[in-house]
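**Q** Residue numbers (this note's numbering), protein chains in the order written: chain A, 28 to 248; chain B, 265 to 493; chain C, 123 to 520; chain D, 80 to 293; chain E, 218 to 632. The C-beta atom is built at its ideal place from N, Cα and C for all residues, glycine as well. Remember, predicted model here, so these are calculated numbers, not experimental data. Mind looking over this structure? Questions follow.
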Amino acid sequence: MEMNASDIKHTPFPAAGTMTDAEREELRRHGILLTSLEELYNWGRSNSIWPIQFGLACCAIEMIAAATARFDIARFGAEIFRPSPRQADLMIVSGTVTKKMAPLVVRLWNQMPEPKYCIAMGACAISGGPFKQGYNVLKGIDRFLPVDIYIPGCPPRPEALLNGLIQLQEKIKGEKLTGPNAARHVRSDVNNEHPIPEYGAHDLVPSKNTALWSPPASPTT
Amino acid sequence: METVEQLRDRLLARFPSAAVAAVTNPGAAAEHSLLLGAAQAREIAEFLRDDPVLRLDYCSNVTGIDWPEKEITDTVKSTVPDPAGGPSKVVETKTVRVEPGYLEAVYFLYSMALKHGPVIVRLRTANRTDAVTLPSLTPVWRSCDFQEREIFDLFGIVFSGHPDLRRLLLWDEFVDHPMRKDYVEPDDYEWEPTAHDEVLVRAKAHQAAVAAAAAAAPVPVVNPTSSAS
Amino acid sequence: MNPSGNSCGSFPAASPFAPVAGPIVRSVTDPFHGDLLEVSMGPQHPSTHGVFRMVATLDGEQIVKLKPVFGYLHRNHEKIAENTSYLASMPYTDRLDYLCSLSTNWAYAFAAEKLLGQPVPDRAQYLRIILAEMTRLVNHSCLVGFLFNDLGTSFTPLLYAFREREKIIDLFESLTGSRMMCNYQRFGGCRVDPTPEWLEAARKLVENFPRFLDEYERMLTGNEIMLARTQGIGRVNAAQAINAGLTGPVLRASGVDYDLRKVDAYGFYGRMDFRVPLGDHGDTYDRYMIRILEMRESVKILAQAFRDLPAGPIMDPKAKQRGHRPKAGEAYGRIEGPKGEIGFHLISDGSPNPYRYRVRPPSLINLTLLEDMCLGHTLADSVVILGSIDIVLGEVDR
Amino acid sequence: MLGTGILNGLAVTAKNFLGSFHDPARLVTVEYPEQHIPVPEAYRNFPFLVSESADDPMGTLRCVSCLTCEKECPPQCIVIVRSKDKKPDATGKAQFYPTVFNIDTSVCMGCQICVEVCPFDSIKMDKVFEITATNRFTELLLNREQLAKSNAYYHQIHPVEAAEVDGRLAAERLAAEEKAKAAAAAKAAAAAAKPAAPAAPAVPAPQTPPPATP
Amino acid sequence: MSAVLASEPFLERAPLELRDAVVQLLPAPAQWLGHHLITILAVVLGFSLFFAFTTVAERKLLGRLQNRLGPNRAGVPKFSILPFHLRHKLFGLSQPFADAIKALTKEDIVPAAADKLLHFLAPVVVVAFSLMTFAVLPVGRHLVPVELDAALLYFFAAGCASELALFMAGWSSRNKYSLLAAMRALAQLISYELPLILSVVPIVLVTGTLSTVAIVQSQGVWSFGLLPHWFVFTPWGFAGFIIFLIATLAETNRSPFDLPEAESELVAGHLTEYSGFKYALFFMAEYFGMTALSGLGVTLFLGGWQAPAPFLEFIPSYLWFMGKLVGMLVFFIWIRGTLLRLRIDQLTRLSWQFLVPLALLNVGNAAFWSLTAHWSGPLNLVRWAIALALVVTPFLLLGRTLSAGFAPRTYRYAS
């Protein structure tokens with residue numbers, strides 16, 4: 028993991044005209060028209076990421092701070108926080124997801140139109156964070172949703188969120204529309220609507236979506 | 265402001281049949297409290313609110329507390345004279361008794377009109393299982409509304425006379441009262457990379473359960489439930 | 123519609139995005155015997171300040187019933203605190219009221235010091251006042267911004283407030299290391315001593331703060347739409363407010379003179395010269411104005427604190443840094459937080475962890491009268507009334 | 080007159096609009112990836128482990144695996160496995176060292192309590208915050224190799240604090256050396272006086288010279 | 218017409234010359250069709266482009282109002298087949314194109330319970346009708362798509378259909394918030410159509426025509442060769458202009474009258490259930506509506522394409538029109554950045570108790586003005602004084618009743 032600020036090189040517009048042979052070959056195989064369309068499409072999407080206006084807890088304040096004058100997420104074209112999920116492209120899960128809230132988060136996700144992305148902002152959204160030992164706290168939103176970018180921190184600074192957004196833009200710019208590595212939303216074999224868990228006697232039923240949640244063998248042995 | 269003892273005596277004079285006791289707080293804060301019997305708690309509360317000297321018009325905080333059964337070992341020292349005429353011996357007799365558990369609601373009362381307080385009032389249930397009803401003080405102080413609902417939700421004290429006693433924080437399908445000391449949390453420890461102490465114990469229990477379940481049959485792991493009221 | 127008001131259990135059907143059922147369409151076609159419309163606002167709603175939910179029953183646009191639903195951010199703070207040491211709960215208190223961590227820190231430290239019988243040195247007392255009042259400035263100015271968002275501005279007042287907030291937050295960060303989660307107070311004092319440069323920067327900032335307030339007020343206070351939208355909306359009289367346990371600016375807007383900084387004079391507030399503004403109408407406008415006036419008083423308190431700040435230790439030398447084991451007993455410590463009386467009720471059984479750890483959440487209890495305030499007003503007013511109460515969900519649900 | 084309040088409001092926003100072209104106080108945006116807001120010295124995000132030298136970070140960790148931080152960590156995100164053997168530390172005292180030192184940054188709340196309780200100044204707060212991950216299991220669990228940063232790095236990010244810590248450690252080291260010398264002298268004297276006496280206990284002599292601090 | 222045209226400077230007639238040149242290329246029977254198609258295309262494309270840049274301008278201006286920069290880094294897409302890549306970010310001016318690409322390719326969700334047909338028709342109707350209003354706006358001296366004698370009637374007929382489309386959208390979504398928004402939209406439509414039209418009546422009264430072209434031409438007079446005789450510079454015209462502005466804000470659902478979309482109350486109001494391109498169409502229609510009404514305001518009150526002074530006429534007339542239009546839009550954005558939203562009852566009260574009476578009185582005022590057109594010399598001053606009094610007095614009186622009971626308060630402190 029890169030922990031050094033200087034190591035994270037942000038190049039929003041990488042130098043053109045420096046194609047490698049492999050890239051040329053790739054381009055030829057794809058067809059120039061398709062590739063150019065893909066590039067235009069990805070450029071448009073990556074510069075117009077509208078997040079859903081949806082704050083959960085402490086991190087939401089830093090999310091708001093990222094939208095305020097000093098950090099100004101608007102520079103990336105992402106200041107239009109849509110209150111309705113129907114018009115949103117990005118869900119920033121900013122804060123602790125409790126078990127009472129989790130079904131609603133999944134419902135909102137399902138209500139968002141494709142293509143959609145998810146950023147887990149802060150320790151609580153990633154893993155339950157400091158509150159993970161609580162009986163009503165979901166240990167990470169990735170139990171129910173596919174998370175594209177995790178931003179650790181408690182709470183992450185607004186710059187960290189902007190950095191996450193830039194990483195997401197890079198991810199979108201690199202997405203393919205065809206082939207085995209095609210993006211999630213164009214693949215017919217991937218269902219991006221996820222079942223909404225129900226309230227059970229102590230926990231959500233089911234307590235995780237096994238299709239998404241696949242932790243490695245636990246190191247606590 | 266009167267001391268707790270004076271207040272107790274005043275209340276006993278006003279409500280002769282009521283159960284009122286002073287509870288001392290041994291801590292540094294030394295904020296002593298009054299233990300009221302559940303039967304007349306509502307009338308006493310109204311008196312506390314309306315009495316012109318007290319005018320405790322503001323109930324600041326309501327705390328629910330769970331006191332589970334405790335095993336208490338009493339050590340009684342008795343001096344037994346030596347029948348042989350020698351120096352008398354000190355004999356320690358240990359008796360183990362089980363102190364019954366109860367649930368408690370503590371009300372912190374202040375006076376906004378006279379700017380004094382706090383008067384701390386405690387109500388106790390008879391036990392933790394079936395006799396968990398206390399009179400609601402929400403009709404006296406509306407500020408108890410959400411707090412009593414929260415205590416009902418998390419501790420399971422049933423406040424009779426509460427206008428809208430529903431779970432406050434958890435969902436309605438929830439069956440237990442998680443703030444009780446013996447509540448067992450849902451078993452949820454697949455990924456605990458930094459577990460230690462209690463977490464490690466629970467995580468290991470989870471892994472053992474999963475392994476056992478996998479060995480036996482593909483049956484989902486059922487959450488262990490604690491004392492459901 | 124559920125006549126019992128028990129709407130907790132039927133969540134999915136009442137979701138804001140669930141399709142409108144038959145009865146509502148009838149209310150459109152039949153204007154004379156229309157049914158009531160039940161609208162579930164939240165937990166994802168732009169104006170519920172987080173994951174709060176209100177189930178409002180509307181007759182046209184008028185509210186005839188409104189039930190708040192809590193718990194969407196119930197993250198078990200109290201239970202976690204009972205399983206961990208006294209010190210380890212301190213950073214969790216930052217996350218209770220995440221807009222004003224320094225006040226909440228103080229409330230917890232205050233209760234724990236009461237439980238431990240721990241004195242606090244003078245310099246730390248002054249530092250606590252300085253940081254708590256700066257927190258009040260942050261909270262109140264941001265609250266006004268949020269309130270105007272609810273009133274329908276395009277974020278402009280909020281962004282001006284956050285511009286000033288960033289300046290104060292920068293100071294918090296350079297002192298405590300974190301923008302929001304300051305984790306600054308300790309039992310028996312404070313964690314870090316500010317440098318003279320820090321104090322000078324803070325003093326200058328506070329000195330300039332009234333200039334921002336003047337501009338803010340010029341933009342907002344006299345605005346005719348603002349007056350029409352807030353005056354007479356969500357009235358609470360003094361008796362109601364006291365009985366419902368409202369505290370903080372919401373209480374004082376109803377004309378009740380009860381400010382713990384005066385009543386308890388905790389810390390060194392007894393040495394400070396400041397006034398307590400009171401409202402006469404108890405409506406949304408009063409709640410807004412009380413906060414503006416309180417900010418002006420806070421600036422005064424801060425000026426005095428900077429002037430009188432003594433030299434000396436910031437930590438009681440006899441205080442334990444960790445492994446606190448207060449003797450059995452209990453203590454209730456409360457301070458005047460920006461949102462109202464924030465209290466901690468700690469019960470010790472002599473072990474290193476608190477036996478019972480209870481937070482008295484001002485935001486939650488201030489919501490007691492939400493329905494009363496909203497009845498008879500419109501849906502648009504309900505979000506404004508909620509905004510004027512000033513809640514933060516971390517504290518409401520804990 | 081009706082409308083004056085609205086006009087006042089319009090005047091304020093117009094002032095801010097015009098101010099944004101000439102007054103830096105009215106255009107506060109920092110264009111993030113190109114410009115950075117300087118973080119103060121006290122800033123904290125996640126902890127790191129201080130090692131004396133950058134060349135051999137694992138060999139020169141200050142951590143003696145006393146487990147205090149593991150116990151005090153509020154969200155319990157640290158796990159330490161103490162070594163079976165002992166290695167000499169900077170002062171030459173034989174100490175345990177952590178064979179495993181993991182911090183789960185997906186849980187860590189950056190509260191600095193581990194730093195406060197550490198008696199050996201071996202865990203400090205890092206300032207790096209621009210972190211993203213695409214897999215939380217593999218990328219956010221930091222092991223001791225990832226956590227170890229040199230004392231030079233510590234000096235770079237917290238200059239004032241690091242100087243203070245170094246001064247304190249140097250004093251301790253000096254005291255330890257004095258003590259060791261005194262013990263050695265006493266031992267030599269004792270050996271000279273009583274050749275048959277048992278070896279002097281306690282403080283072992285430094286086996287390696289303490290690494291120079293930058 | 219060509220004789221008139223020929224005497225114009227080249228820039229003034231360039232657009233028409235271009236059109237004619239293209240039309241000449243077509244076979245004779247298709248020339249009529251080609252003529253109109255090119256006009257329609259020019260209007261649609263021109264105003265669509267204008268819309269695109271209005272959105273980015275709005276975001277940037279709002280940003281500046283709020284001490285920030287706004288979108289500034291969209292730049293140009295990088296095409297790997299091209300040997301070069303422009304790395305300049307173009308000040309974010311390409312932002313609307315990114316938004317358009319995204320909106321076009323976004324999944325379209327129609328709720329299962331929705332009325333599918335109306336849900337689909339609403340955005341189409343709203344855009345179609347708001348585009349139709351452009352037909353009668355004289356953009357330049359010779360640039361008016363359709364010269365109608367009853368242009369104003371046509372404009373308002375087409376314009377108010379867009380509010381009905383909002384109702385369609387709100388009702389068909391079968392979402393509670395949308396439904397409330399639909400009701401609000403309807404109440405707003407009924408309340409504000411009246412002051413909007415009444416604010417225009419004085420101009421019709423004074424000029425005696427409903428044709429927009431004629432109205433603009435009647436404003437092309439200057440006193441002393443310097444002071445333009447735009448209607449906004451008369452007392453009744455000024456009052457009418459202010460009423461027109463307020464009613465325009467309400468008609469186009471702009472802040473402080475954005476009740477149907479009220480974000481803080483109704484989530485996204487009638488748009489709650491719209492996604493992808495349908496949402497973009499609504500967004501577009503809002504800006505088209507705003508542009509069209511601003512254009513009408515410019516035409517009626519601000520002299521249309523007329524230059525403010527005769528010596529400035531060397532600048533082509535369509536640029537003057539566009540300049541005034543941009544000025545109006547900037548004002549709308551400024552209002553949006555400052556003001557808060559009214560409540561629905563206050564909104565209707567403002568209309569019926571304040572704007573409608575004022576507009577009615579204003580009609581009388583205009584009647585007085587046109588009856589006294591022959592007054593000159595000192596009588597002219599009397600004429601101005603009377604007309605001014607007829608504006609100011611009712612404003613003060615009605616304003617007092619409207620704001621009765623609302624005033625800043627003074628506060629007491631605890632002793």
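Going by Cα to Cα distance, which pick from C:447, C:472 and C:484 is closest to residue 461 (chain C)?
**A** That would be C:484, whose Cα lies nearest to the Cα of residue 461 (chain C).
**Q** Run through DSSP, which three-state label would residue 242 (chain C) get?
**A** DSSP places residue 242 (chain C) in coil when its eight states are reduced to three.
**Q** Alpha helix (DSSP H) containing residue 256 (chain D): first to last residue?
**A** Run containing residue 256 (chain D): 238–272, per the alpha helix (DSSP H) assignment.
**Q** Is there a Cβ from chain A that is less than 8 Å from the Cβ of residue 143 (chain C)?
**A** In this predicted model, residue 143 (chain C) has a pLDDT of only 33, less than 50, meaning its place in the structure is not dependable; the value taken from the coordinates is given anyway. It does not: the Cβ of residue 143 (chain C) has no partner Cβ on chain A nearer than 8 Å.
**Q** So, with DSSP's three-state summary, where would you put residue 303 (chain C)?
**A** Residue 303 (chain C) falls in the coil class under three-state DSSP.
**Q** Anything in the region 219–232 of chain C with a Cβ closer than 8 Å to a Cβ of chain A? List those residues in chain order, please.
**A** If the cut-off is 8 Å between Cβ atoms, the region 219–232 of chain C has 220 and 221 near chain A.
**Q** Taking 8 Å as the cut-off, does the region 406–419 of chain C touch the region 203–213 of chain C (at least 3 CB pairs, one atom from each stretch)?
**A** Flag = no, the region 203–213 of chain C and the region 406–419 of chain C do not touch.
**Q** List, in order along the chain, the chain D residues whose C-beta lies closer than 7 Å to that of residue 154 (chain A)?
**A** Residues of chain D passing the Cβ test: 185, 186 and 215.
**Q** Can you tell me whether residue 630 (chain E) is buried or exposed, with buried defined as 16 or more other CB within 10 angstroms of its CB?
**A** Residue 630 (chain E) comes out exposed.
**Q** Is the number of C-beta pairs between the region 431–445 of chain B and the region 192–200 of chain C that are closer than 8 Å three or more?
**A** Short answer: they touch.
**Q** Between the region 346–363 of chain C and chain D, which residues of the former have CB atoms less than 8 Å from a CB of the latter, in chain order?
**A** Correct list: 346, 347, 348 and 349.
**Q** If you draw a straight line from the C-alpha of residue 322 (chain C) to the C-alpha of residue 331 (chain C), how long is it?
**A** About 14 Å.
**Q** So, with DSSP's three-state summary, where would you put residue 342 (chain B)?
**A** Here residue 342 (chain B) sits in strand by DSSP.
**Q** Quick one: does residue 616 (chain E) have its CB under 8 Å from some CB of chain D?
**A** It does: the Cβ of residue 616 (chain E) has a partner Cβ on chain D nearer than 8 Å.
**Q** Check the C-beta distance from residue 168 (chain A) over to residue 191 (chain A) and give it rounded, since I have them as a contact under 8 Å.
**A** Not quite, the Cβ-Cβ distance comes to about 14 Å (not below 8 Å), so this is no contact.
**Q** So residue 178 (chain A) and residue 187 (chain A) are supposed to be a Cβ contact under 8 Å. How far apart are they, rounded?
**A** Between residue 187 (chain A) and residue 178 (chain A) the Cβ distance is about 5 Å, and since that is below 8 Å, they are a contact.
**Q** DSSP beta-bridge partners for residue 184 (chain C)?
**A** Note: residue 184 (chain C) sits in a beta bridge opposite C:181 and C:500.
**Q** Check this for me: beta carbons of residue 84 (chain A) and residue 220 (chain C), under 8 Å apart or not?
**A** A contact, by the Cβ cut-off of 8 Å.
**Q** Does any CB atom of chain E fall closer than 8 Å to the CB of residue 158 (chain A)?
**A** So no, residue 158 (chain A) is outside the interface.
**Q** When the Cα atoms are used, what is the spatial distance from residue 388 (chain E) to residue 379 (chain C)?
**A** If you take the alpha carbons of residue 388 (chain E) and residue 379 (chain C), they lie about 49 Å apart.
**Q** What are the boundary residues of the alpha helix (DSSP H) that includes residue 391 (chain B)?
**A** Neither: residue 391 (chain B) is in no alpha helix (DSSP H) and is coded neither H nor E.
**Q** Does chain B have any CB closer than 8 Å to the CB of residue 156 (chain D)?
**A** It does: the Cβ of residue 156 (chain D) has a partner Cβ on chain B nearer than 8 Å.
**Q** I'd like the list of long-range same chain contacts for residue 442 (chain E), defined as Cβ closer than 7 Å, with 5 residues on each side in sequence excluded.
**A** Within the same chain, residue 442 (chain E) has close Cβ partners 527.
**Q** Report the CB separation of residue 301 (chain C) from residue 184 (chain A) in whole angstroms; it is logged as a contact under 8 Å.
**A** At roughly 7 Å, the Cβ-Cβ gap stays under 8 Å, so residue 301 (chain C) and residue 184 (chain A) are in contact.
**Q** Using the beta-carbon of each residue, which ones in chain C are nearer than 8 Å to residue 151 (chain D)?
**A** Going along chain C in sequence order, the residues near residue 151 (chain D) (Cβ under 8 Å) are 207, 209, 210 and 444.
**Q** Does the beta carbon of residue 232 (chain E) come closer than 8 Å to any beta carbon on chain D?
**A** So no, residue 232 (chain E) is outside the interface.
**Q** Under the rule that 16 or more other beta-carbon atoms within 10 Å means buried, what is residue 495 (chain E), buried or exposed?
**A** Classification of residue 495 (chain E): buried, given that the 10 Å Cβ count is 16 or more.
**Q** Consider the Cβ of residue 630 (chain E): report whether some Cβ of chain C lies at a distance smaller than 8 Å.
**A** Answer yes: the Cβ-Cβ gap between residue 630 (chain E) and chain C drops below 8 Å somewhere.
**Q** Of all the options E:236, E:577, E:474 and E:598, which has the alpha carbon lying nearest to the alpha carbon of residue 562 (chain E)?
**A** Residue E:474 is the option with its Cα nearest to residue 562 (chain E).
**Q** Whose CA, out of C:436, C:324, C:228 and C:319, lies closest to the CA of residue 245 (chain C)?
**A** Ranking C:436, C:324, C:228 and C:319 by Cα distance to residue 245 (chain C) puts C:436 first.
**Q** Between C:427, C:354, C:305 and C:505, which has its C-alpha nearest residue 226 (chain C)'s C-alpha?
**A** Of the candidates C:427, C:354, C:305 and C:505, the one whose C-alpha sits nearest the C-alpha of residue 226 (chain C) is C:305.
**Q** With 9 Å as the limit, tell me which residues of the region 162–180 of chain A have their beta carbon closer than that to any beta carbon of chain C; keep them in chain order.
**A** Within the region 162–180 of chain A, the residues whose Cβ lies closer than 9 Å to some Cβ of chain C are 162, 163 and 164, listed in chain order.
**Q** Kindly say whether residue 106 (chain A), judged by its beta-carbon, lies nearer than 8 Å to any beta-carbon of chain D.
**A** For residue 106 (chain A), the answer is no, since every Cβ of chain D falls outside 8 Å of its Cβ.
**Q** Scan the region 191–205 of chain C for residues whose Cβ lies nearer than 8 Å to a Cβ of chain A and list them as they occur along the chain.
**A** Against chain A - using a Cβ distance shorter than 8 Å - the residues of the region 191–205 of chain C are 193, 194, 195, 196, 197, 198, 199, 201, 202 and 205.
**Q** Going along the region 264–297 of chain C in order, which residues come within less than 7 Å of chain A, judged by CB to CB distance?
**A** Answer in chain order: 281, 284, 285 and 288.
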